[in-house]
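S.K.: Under this note's numbering, the letters of the first sequence match residues -18 to 354, in that order.
Beta carbons: idealized from backbone N, C-alpha and C, even for Gly.
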Amino acid sequence: MIQIQYKDTQTRARTGVLSLPHGDVEIPAFMPVGTNGTVKALKHQTVDQMGYTLILGNTYHLYLRPGMEVIKNAGGLHKFTSWKHNILTDSGGFQVFSLAPFRKIREEGVRFRSHIDGAYHIFTPESVVETQEAFGSDVQMVLDVCTPPDISHKEALNALKITTNWAKRARKRWDSRVEGYEGRLFGIIQGNFYEDLRKRSAEEILELDTPGIAIGGLSVGEPPEMFKDYLHYTAQFLPDDKPRYVMGIGTPDYMLEAVEAGIDMFDCVYPTRIARNGTCFTRDGLIALKNQKFLLDNLPIDPECDCPVCKQYSRSYLRHLFKAKEILGPMLVSEHNLHFLCRFMEEIRLSIRDDRFKVYKDSFLKRYNSKGL
RNA sequence: GGGGAGGUUCCCGAGUGGUCAAAGGGGGCAGACUGUAAAUCUGUUGCUUCGGCUUCGAAGGUUCAAAUCCUUCUCUCCCCA
């Protein structure tokens, strides 16, 4: 399933190919998030042409709307959305966290209220595997309990125990998947911000021998240093022969840190969300197009970017689109941001191939954080 | 020509004697956003040497005190002729 071609000698960084039912994915890879069966503001064709071959979908959202009947009727999520490459579906575990006021976690599963109509629903580890199987997900995630920082050891332990138990049940249910369904199941390590719990969770999840492993519960509001510490601490337990995925990170600095820790995949709403709010990635850090200083700026978003947006449009015009609340603004900046990350990943893979990842990382960050603009 | 309504801070608009530099929108400016309840949310928005100063169409007046009351002027809108 995963082929590691090169390893950096100074760090744990590695590059290679992840083979999935809908094609190969070069790793390390960033995965754009397409919660509702669409990477917001972008045509599938655009995402495809940029070079993305693996995007996310969301069990929670798609289950509630349009609902399973619609997706099954279409012949699965790929056919329904017409996305021809791979789809990784999140389990709804993150919504258990982000929609906390609306849910109740029990041993059996999680009972929650729809954010759409307030109706009650129950997700169990088994039902979530079944749902993702019905989607035809190329990678499916186990239902987990993601927790915020600043909870007690006892609470974190409790969440961890449920997560492990749910992972076991998910694994068991996945083992009895229908013949012909090739989607991979990824376990998720939790343990909050306690080293003993992170270690324990890693051991318990690895024990289940799922085809891939994710680190969850990071980038949930903790300070950057804490993120870094627990990322590296947890990553050390991950085996070489499986794809490693850190959930929910999407800034260049966090991604570089993850690659250094030997992570192969990450996803995040951040690049597309900030794009819709008018903020762009550039070599010199983020720029907020709505700022007055871009009023008369005829440069492209990033003068060094070779994306179609940067070839054609000025900051001044893009600023105007955002000020006028024109839909084209979010569309163009979303395209740029994802293009930027795609090239960024290519450079990272190349640097690992050439065994100069550390140098690449340092020079990228030096400039990115320099506030050169 | 007759009758009526009204002119409020960048805009719309609340406010009918003190608690009003003046609600609420919009716009402007800035910030946030990390497994998407997010094309969203938050802050700020007269000047200031922080003591105050200048604002509510204009000018005058009443009052301890006026965006609010009175007089005149001016402008806008509506109805009738």
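Could you have a look at Thr260 and say whether DSSP puts it in helix, strand or coil?
M.R.: Walking along the first sequence from the start, residue 260 turns up at place 279. If DSSP states are grouped into helix, strand and coil, Thr260 belongs with the strands.
S.K.: Buried or exposed, going by whether 16 or more other CB atoms sit within 10 Å of the CB of Ser133?
M.R.: On the first sequence, position 152 is the one that residue 133 refers to. That one is exposed.
S.K.: Can you check which of these residues, Thr40, Ala183, Lys342, Leu23, is closest to Ser108 by C-alpha distance?
M.R.: Indexing the first sequence from 1 puts residue 108 at position 127. When each option's Cα is compared against that of Ser108, the closest is Thr40.
S.K.: I'd like the list of long-range same chain contacts for Val(-2), defined as Cβ closer than 8 Å, with 5 residues on each side in sequence excluded.
M.R.: Counting from 1 along the first sequence, the entry for residue -2 is found at position 17. Excluding positions up to five away in sequence, the list reads Ile(-17), Gln(-16), Gln(-14), Asp5, Val6, Glu7, Ile8.
S.K.: DSSP on Gly74, reduced to helix/strand/coil?
M.R.: Within the first sequence, residue 74 is the residue found at index 93, counting from 1. The answer is helix: DSSP assigns Gly74 an H, G or I state.
S.K.: At a cut of 8 Å, does the segment 138 to 155 reach the segment 95 to 110 through at least three beta carbon pairs?
M.R.: Flag = yes, the segment 138 to 155 and the segment 95 to 110 touch.
S.K.: With a 10 Å radius around its C-beta and 16 neighbouring C-beta atoms as the bar for buried, classify Ser118 as buried or exposed.
M.R.: Taking the first residue of the first sequence as 1, we reach residue 118 at position 137. Its Cβ being crowded by 16 or more others within 10 Å, Ser118 is buried.
S.K.: Where does His320 land, buried or exposed, given buried means 16+ other C-beta within 10 angstroms?
M.R.: Within the first sequence, numbered from 1, the residue matching residue 320 stands at position 339. Flag for His320 reads buried.
S.K.: When you compare the CB positions of Ile194 and Arg225, do they come within less than 8 Å of one another, or not?
M.R.: As a position in the first sequence, residue 194 is number 213, starting the count at 1. As a position in the first sequence, residue 225 is number 244, starting the count at 1. Cβ atoms of Ile194 and Arg225: closer than 8 Å.
S.K.: Which whole runs of the alpha helix (DSSP H) in the segment 251 to 339 are 4 residues long or more, in chain order?
M.R.: Within the segment 251 to 339, the complete alpha helix (DSSP H) runs of at least 4 residues are 251 to 257, 289 to 293, 296 to 304, 309 to 334.
S.K.: Restricting to runs no shorter than 3 residues, where is the beta strand (DSSP E) found entirely within the segment 0 to 72?
M.R.: For the segment 0 to 72, whole beta strand (DSSP E) runs of length 3 or above, ordered along the chain, are 4 to 8, 10 to 13, 35 to 39, 67 to 71.
S.K.: Applying the 10 Å Cβ sphere with the 16-neighbour rule, what's the burial state of Asn350?
M.R.: In the first sequence, residue 350 corresponds to position 369, counting from 1. The residue in question, Asn350, is exposed, as its Cβ has fewer than 16 Cβ neighbours within 10 Å.
S.K.: When the distance is taken between beta carbons, is Lys53 closer than 8 Å to Ala115?
M.R.: Translated into the one-based positions of the first sequence, residue 115 becomes position 134. Translated into the one-based positions of the first sequence, residue 53 becomes position 72. Against a cut-off of 8 Å, the Cβ pair of Lys53 and Ala115 comes out as a contact.
S.K.: Quick one: what does DSSP say Thr215 is sitting in, helix, strand or coil?
M.R.: To locate residue 215, count along the first sequence from 1; it is residue 234. Thr215 falls in the helix class under three-state DSSP.
S.K.: Provide the residue span of the beta strand (DSSP E) that contains His102, from first to last.
M.R.: Looking up residue 102 in the first sequence gives position 121. It spans 101 to 104 - the beta strand (DSSP E) in which His102 sits, taken as one unbroken run.
S.K.: Can you tell me whether DSSP reads Phe93 as helix, strand or coil?
M.R.: Looking up residue 93 in the first sequence gives position 112. Here Phe93 sits in strand by DSSP.
S.K.: Just checking my contact of Asp283 with Cys291 at CB under 8 Å: how many whole Å lie between their CB atoms?
M.R.: Within the first sequence, residue 283 is the residue found at index 302, counting from 1. Within the first sequence, residue 291 is the residue found at index 310, counting from 1. With 8 Å as the limit, Asp283 and Cys291 qualify as a contact, their Cβ atoms being about 6 Å apart.
S.K.: Have a look at Ser0, Leu166, Glu285, Lys209 and flag the residue whose alpha-carbon is nearest the alpha-carbon of Ile186.
M.R.: Residue numbering aside, residue 186 sits at position 205 when the first sequence is read from its first letter. Cα-wise, what sits closest to Ile186 is Leu166.
S.K.: Is Glu238 buried or exposed, if buried means 16 or more other CB atoms sit within 10 Å of its CB?
M.R.: Residue numbering aside, residue 238 sits at position 257 when the first sequence is read from its first letter. So Glu238 ends up on the buried side.
S.K.: If you reduce the DSSP assignment to three classes, tell me which class Val240 lands in.
M.R.: Counting from 1 along the first sequence, the entry for residue 240 is found at position 259. In this structure, Val240 counts as helix in the three-state DSSP scheme.
S.K.: Kindly give me the distance between the Cβ atoms of Thr70 and Gly99, rounded to whole angstroms, as I take these residues to be in contact under 8 Å.
M.R.: Counted from its first residue, the first sequence places residue 70 at position 89. Counted from its first residue, the first sequence places residue 99 at position 118. Actually they are not in contact, since the Cβ atoms of Thr70 and Gly99 sit about 24 Å apart, beyond 8 Å.
S.K.: Should Ser315 go down as buried or exposed, given a rule of 16 or more other Cβ atoms within 10 Å for buried?
M.R.: What you label residue 315 is simply residue 334 of the first sequence in a count that begins at 1. Ser315 comes out buried.
S.K.: Hey, would you say Pro192 sits closer than 8 Å to Lys142, going by beta carbons?
M.R.: Taking the first residue of the first sequence as 1, we reach residue 192 at position 211. Taking the first residue of the first sequence as 1, we reach residue 142 at position 161. It is not a contact, given that the beta carbons lie outside the stated cut-off.
S.K.: According to DSSP, is Tyr341 part of a helix, a strand, or is it coil?
M.R.: As a position in the first sequence, residue 341 is number 360, starting the count at 1. Tyr341 falls in the helix class under three-state DSSP.
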